[in-house]
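Just so you know, the protein sequences line up as chains G and Y, in that order. Counting from 28, one number per residue, gives the positions in the first sequence under this note's numbering. Counting from 28, one number per residue, gives the positions in the second sequence under this note's numbering. Just so it is clear, CB atoms sit at the ideal spot from N, CA and C, and this is done for glycine as well. The model shown is predicted, which means the values in this text are computed figures rather than measured ones.
There are 2 protein chains.
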Amino acid sequence: VVTATGEIWNGLRSLRKDNTGFDLKDLFVGSEGSLGLITAAVLKLFPQPKGVVTALASVKDPAQALQLLAIAQTQADAALTGFEFMSAQSTALLAQYFPEIARHGQPMITGDTVLIEISHPQNQEGATELLQSIMEAAFTAGVIQDATIAQSIAQSNALWHLRESITLASAEDGPQIKHDISLPISSLPDFIATMSQELKMAYSGIRLINFGHFGDGNLHFNVAPPAGPANRAERHQAHADFLLTHEDSIRRHVHDRVMAMGGSISAEHGLGQLRRAEAAHYKSEVEIGLMKSIKAALDPLGLMNPGKVL
Amino acid sequence: VVTATGEIWNGLRSLRKDNTGFDLKDLFVGSEGSLGLITAAVLKLFPQPKGVVTALASVKDPAQALQLLAIAQTQADAALTGFEFMSAQSTALLAQYFPEIARHGQPMITGDTVLIEISHPQNQEGATELLQSIMEAAFTAGVIQDATIAQSIAQSNALWHLRESITLASAEDGPQIKHDISLPISSLPDFIATMSQELKMAYSGIRLINFGHFGDGNLHFNVAPPAGPANRAERHQAHADFLLTHEDSIRRHVHDRVMAMGGSISAEHGLGQLRRAEAAHYKSEVEIGLMKSIKAALDPLGLMNPGKVL
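In structure tokens form, the structure reads like this:
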């Protein structure tokens with residue numbers, strides 16, 4: 028790290044355990060460059076898993092997705108390397124704009140869907156057996172409606188491509204009100220159900236393009252305006268008009284609920300300039316005070332990434 | 028956290044992802060109470076593994092222990108839940124004072140020994156099969172000389188009890204010069220070999236009671252004086268005399284090498300008062316300066332755990 032005073036702090040320690048003073052590393056890592064400039068890092072390497080297998084499972088609702096997560100975690104522990112939720116409306120959007128990509132998920136993705144990935148350190152068979160065992164337990168428990176396990180690496184890749192293409196379909200559809208939220212994992216179903224109902228009642232025709240890292244408690248709870256004109260330019264304009272009127276109130280509505288449920292309004296994207304005022308609004312005075320004290324102590328002239336975070 | 032100004036910061040977030048500002052949590056966690064007083068914590072729970080199995084493996088030297096670790100990590104990944112090294116002299120000390128406990132490790136523990144634990148989320152058979160597979164691969168590679176896999180929970184417990192009783196045997200033997208060090212894992216064999224040779228040459232009859240969390244790169248590299256009188260009081264006095272003369276120079280010798288090799292002089296025990304001066308000696312001026320700035324910013328009157336850490 029190059030500090031605000033132009034000194035260099037060398038924190039390049041490739042150690043799992045080091046209890047010799049304050050955790051400066053994580054302080055700088057989470058500061059978005061506002062306390063110092065990170066110029067090097069130590070990376071930890073893990074052996075590449077020998078077997079990886081992916082499946083799609085259709086669930087009735089996010090509550091079933093949570094039950095499926097519990098079964099998968101109990102059976103697979105750290106071998107569960109992916110657990111992604113996709114709302115019915117998020118895959119519907121994909122099918123609308125990229126039917127060739129969505130085709131790989133049929134018929135699973137007609138409702139809420141979960142993408143699961145299992146990795147096995149030793150072989151492909153181990154990964155497949157474990158995933159089959161999870162799916163069987165989930166069927167027996169009535170937690171999933173249907174499932175398909177990828178039969179090849181190409182199929183696995185196609186399922187991941189499907190999941191990752193939701194953002195492309197969103198971009199094609201037009202501007203959305205995007206939220207990068209996290210919640211205690213057990214609260215996700217309640218949050219999704221309550222927020223969806225409230226927003227749909229308040230804004231007729233609104234579409235909830237929700238997807239994300241359910242196993243991390245992290246959801247991209249994105250809100251799309253009602254379906255617009257077929258013409259791309261007209262549709263994007265209609266979206267923009269909707270956002271101009273409703274973005275602030277919808278965002279406040281969603282983030283108020285997130286904070287009330289003990290969540291975070293920026294799970295993985297950070298604050299930057301975009302969320303700076305919101306963070307100041309939601310964080311306690313004590314927390315903002317602590318952050319400002321640290322900022323003033325390490326960067327008294329305010330030279331490092333000014334205008335961001337704080 | 029109760030801050031130095033008597034305010035309360037509520038950081039009780041049960042989230043895996045939260046990127047809304049500085050990582051205050053880890054700053055307080057690593058401060059040993061010198062920045063604020065932690066009064067509550069959120070704990071993450073994991074499903075209890077259904078199968079756990081333990082083994083002892085005799086290795087020629089720490090270099091073989093490292094090779095065994097690589098095999099175990101590649102095959103077991105996160106299922107490897109324990110990898111403890113015990114030097115020949117550490118188990119010899121145990122056999123001397125607690126032969127009934129050491130008996131459970133015979134004949135393995137006549138040389139350097141590794142205790143391995145494998146956990147399996149689903150069943151005992153899975154854990155046993157995985158551990159057998161690791162041991163077979165290690166035999167084939169010529170990395171271990173002999174091994175015994177515990178056949179019951181009682182036997183597993185007996186092996187852990189053996190490992191954990193080394194400190195009791197040390198206490199019975201008399202005062203030692205204790206080091207709680209960590210190193211990049213790949214450097215452990217070189218460190219142990221070099222330090223042992225240098226210390227044995229410099230201090231005739233010295234005993235190296237080394238054991239610890241090899242898989243974490245964390246070793247309790249303890250140095251016992253030459254074997255003393257049979258009478259307990261006389262022996263402890265002889266140890267105390269040895270420490271009075273040699274403790275500072277041996278500690279400096281060991282810690283100089285640890286720091287030169289990119290390690291830590293306090294892997295898990297913290298600084299407190301005991302290692303405060305040493306940390307100041309070994310850390311860069313920049314790092315001490317950063318720590319002092321943060322301390323002054325959050326606790327300007329120096330009220331929190333004075334005299335510790337900094």
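Distance, residue j Cα to residue i Cα
i	j	result
LYS335 of chain G	SER209 of chain G	21 Å
PRO126 of chain Y	SER197 of chain Y	14 Å
PHE166 of chain G	ALA31 of chain G	57 Å
ASP45 of chain G	ILE292 of chain Y	8 Å
GLY138 of chain Y	GLY33 of chain G	51 Å
HIS263 of chain G	GLY255 of chain G	8 Å
GLN172 of chain Y	ALA122 of chain Y	20 Å
ARG303 of chain Y	LEU337 of chain Y	6 Å
ALA119 of chain Y	ILE136 of chain Y	8 Å
TRP187 of chain G	THR140 of chain G	13 Å
GLN116 of chain Y	ASN237 of chain Y	8 Å
LEU93 of chain G	ALA168 of chain G	13 Å
MET331 of chain G	ILE204 of chain G	30 Å
PRO76 of chain G	LYS319 of chain Y	43 Å
ALA257 of chain G	ALA68 of chain G	48 Å
ALA307 of chain G	GLU144 of chain G	37 Å
ILE315 of chain Y	GLY329 of chain Y	16 Å
THR175 of chain Y	HIS147 of chain G	26 Å
THR101 of chain Y	GLY289 of chain G	38 Å
GLN91 of chain Y	ASP200 of chain Y	29 Å
Among the options, nearest to residue i - alpha-carbon criterion
i	options	result
ILE180 of chain Y	Y:GLU163, Y:GLU305, Y:ALA154 and Y:THR167	Y:ALA154
ALA84 of chain G	G:HIS282, G:ALA324, G:PRO134 and G:LEU317	G:PRO134
ALA333 of chain Y	Y:GLN300, Y:GLU314, Y:SER183 and Y:HIS308	First, the residue type needs correcting, since residue 333 of chain Y is Pro and not Ala in the sequence shown. Cα-wise, what sits closest to PRO333 of chain Y is Y:GLN300.
ALA82 of chain Y	Y:LYS71, Y:GLN94, Y:PHE73 and Y:PHE112	Y:PHE112
PRO89 of chain Y	Y:HIS282, Y:GLY290 and Y:SER213	Y:SER213
ILE321 of chain G	G:SER146, G:ALA68 and G:GLY57	G:GLY57
ARG40 of chain Y	Y:LYS71, Y:VAL29 and Y:GLN100	Y:LYS71
ILE128 of chain G	G:GLU191, G:LEU215 and G:SER160	G:GLU191
GLU393 of chain Y	Y:ASP200, Y:PRO252 and Y:HIS206	Chain Y is shown from 28 up to 337; residue 393 of chain Y falls before or after that span and cannot be answered.
GLN224 of chain G	G:LYS310, G:PRO211, G:GLU59 and G:HIS280	G:HIS280
LEU226 of chain G	G:PRO211, G:LEU215 and G:PRO253	G:PRO253
Beta-carbon neighbours of residue i, restricted to chain Y and to distances below 8 Å
i	result
SER293 of chain G	ASP45, ASN46 and THR47
PRO354 of chain G	Within the shown structure, residues of chain G are numbered from 28 to 337, placing residue 354 of chain G beyond reach of any answer.
VAL285 of chain G	Going along chain Y, no residue has its Cβ under 8 Å from VAL285 of chain G, so there is no contact; the nearest lies around 10 Å.
Within chain G, the residues that residue i reaches when beta carbons sit closer than 8 Å
i	result
ASP139 of chain Y	Near ASP139 of chain Y there are no residues of chain G at all, since even the closest Cβ is about 21 Å away, more than 8 Å.
PRO202 of chain Y	Those within 8 Å of PRO202 of chain Y in chain G number zero; the least Cβ separation is about 23 Å.
ILE35 of chain Y	VAL313
LEU158 of chain Y	Under the 8 Å cutoff, chain G gives no residues; its nearest Cβ is about 13 Å from LEU158 of chain Y.
ASP53 of chain Y	ASP50, ASP53 and LEU54
Contact check, residue i vs residue j, beta carbons under 7 Å
i	j	result
ALA185 of chain Y	HIS240 of chain Y	no
LEU96 of chain G	GLY242 of chain G	yes
LEU246 of chain Y	PRO202 of chain Y	no
LEU189 of chain Y	VAL80 of chain Y	no
GLN178 of chain G	GLY78 of chain G	no
VAL285 of chain G	TRP36 of chain Y	no
ARG43 of chain G	GLY244 of chain Y	yes
LEU235 of chain G	SER160 of chain G	no
Chain G residues whose Cβ lies nearer than 9 Å to that of residue i
i	result
LEU325 of chain Y	LEU317, SER320, ILE321 and ALA324
GLY239 of chain Y	Within chain G, no residue comes near GLY239 of chain Y; the closest Cβ sits about 10 Å away, beyond 9 Å.
GLY290 of chain Y	ARG40, LEU42 and ASP45
Beta-carbon neighbours of residue i, restricted to chain G and to distances below 7 Å
i	result
HIS296 of chain Y	ASN46
SER58 of chain Y	PHE49
ALA82 of chain Y	The contacting residues do not exist; ALA82 of chain Y stays about 18 Å from chain G at best.
Chain Y contact residues for residue i, given Cβ-Cβ distances below 9 Å
i	result
LEU93 of chain G	Under the 9 Å cutoff, chain Y gives no residues; its nearest Cβ is about 15 Å from LEU93 of chain G.
GLY244 of chain G	SER41, LEU42, ARG43 and LYS44
LYS310 of chain G	THR47 and GLY48
ALA6 of chain G	No answer is possible for residue 6 of chain G: it lies beyond the span of chain G, which begins at 28 and ends at 337.
Neighbour list for residue i in chain Y, Cβ cutoff strictly below 7 Å
i	result
ALA9 of chain G	For chain G, the structure presents residues 28 to 337; residue 9 of chain G sits outside this window and is missing.
THR101 of chain G	PRO74 and PRO148
VAL336 of chain G	GLY48
ASP173 of chain G	What ASP173 of chain G touches in chain Y: nothing, since even the nearest Cβ is about 24 Å away.
Chain C residues whose Cβ lies nearer than 9 Å to that of residue i
i	result
THR30 of chain Y	Among the chains of the structure shown, chain C does not appear; the protein chains present are G and Y.
The segment 48-65 of chain Y / the segment 105-121 of chain G touching (three or more Cβ pairs under 8 Å): Flag = no, the segment 48-65 of chain Y and the segment 105-121 of chain G do not touch.
Quick check: the segment 40-59 of chain G against the segment 43-63 of chain Y, are there 3 or more CB pairs under 8 Å? yes
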